[in-house]
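Colleague: Okay, handing you the structure first.
Numbering (my numbering), first residue to last: -6 to 168.
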């Protein structure tokens, strides 16, 4: 693998770690500080997952027994919910926003409310798993973990990231 790509992946692990730590530390932060922190990280995460092509990252072919240990630590439902609740508490009434990209919106006569905290946790979950797998493998699963997380990004969590980014931006500008 190209040294530049490898360096970017290492930086992406660090950036993902910072994002997870920011959400974990939300209860100790002021609302504006939290929003600014998240807004400084989310665009960089989006850019890296958008810009680094999975094809340029050569996944390492591992034996089945070698990969089983890398997935032992995933974000639990209880942990997800505790992070979501703490972010929701910090944002208070500002946690809800009207979503125009919701699939059901085109069939609805009423606005659909979404939750910033849920969007942020939907982004945190794959990043938490990505970081945990890389750490547990001692870095050996970096490429494989990235490719898996990139696929999840393309299929699912890029939209919650963009939704949260837009809602947080609006919130920051109106504080």
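Where is the CB? At the ideal position from N, CA and C, for every residue including glycine.
Less than 9 Å between the C-beta atoms of residue 80 and residue 113, yes or no?
Modeller: Your numbering for residue 80 matches position 87 in the chain shown. Your numbering for residue 113 matches position 120 in the chain shown. Contact: yes.
Colleague: Note down the Cα distance separating residue 67 from residue 125, rounded to an integer number of angstroms.
Modeller: Within the chain shown, the letter at position 74 stands for residue 67. Within the chain shown, the letter at position 132 stands for residue 125. Roughly 7 Å separates the two Cα atoms.
Colleague: Taking contact to mean 3 or more Cβ pairs, one atom from each stretch, closer than 8 Å, check whether the stretch 31 to 45 and the stretch 0 to 11 are in contact.
Modeller: Output reads yes: the stretch 0 to 11 touches the stretch 31 to 45.
Colleague: Any idea what DSSP makes of residue 57, helix, strand or coil?
Modeller: Position 64 of the chain shown holds residue 57. Low local confidence applies: a pLDDT of 45 at residue 57 is under 50, so the model's placement there is unreliable, and no value is given.
Colleague: Quick check on residue 166: buried or exposed, where buried means 16 or more other Cβ atoms within 10 Å of its Cβ?
Modeller: In the chain shown, the residue the question calls residue 166 occupies position 173. So residue 166 counts as exposed.
Colleague: In or out: residue 63 buried (at least 16 other Cβ within 10 Å) or exposed?
Modeller: On the chain shown, residue 63 is found 70 positions in, with the first residue counted as 1. Residue confidence is low: residue 63 scores 42 on pLDDT, short of 50, so the model does not pin down where it sits. No coordinate-derived value is stated.
Colleague: Starting from residue 168 and walking both ways along the alpha helix (DSSP H), at which residues does that stretch end?
Modeller: Translated into positions along the chain shown, residue 168 becomes position 175. It is not in any alpha helix (DSSP H) - residue 168 carries neither H nor E in the DSSP assignment.
Colleague: Among 43, 70 and 84, which residue has its Cα nearest to the Cα of residue 122?
Modeller: What you label residue 122 is simply residue 129 of the chain shown in a count that begins at 1. Comparing Cα-Cα distances from residue 122 to each of 43, 70 and 84, the minimum goes to 70.
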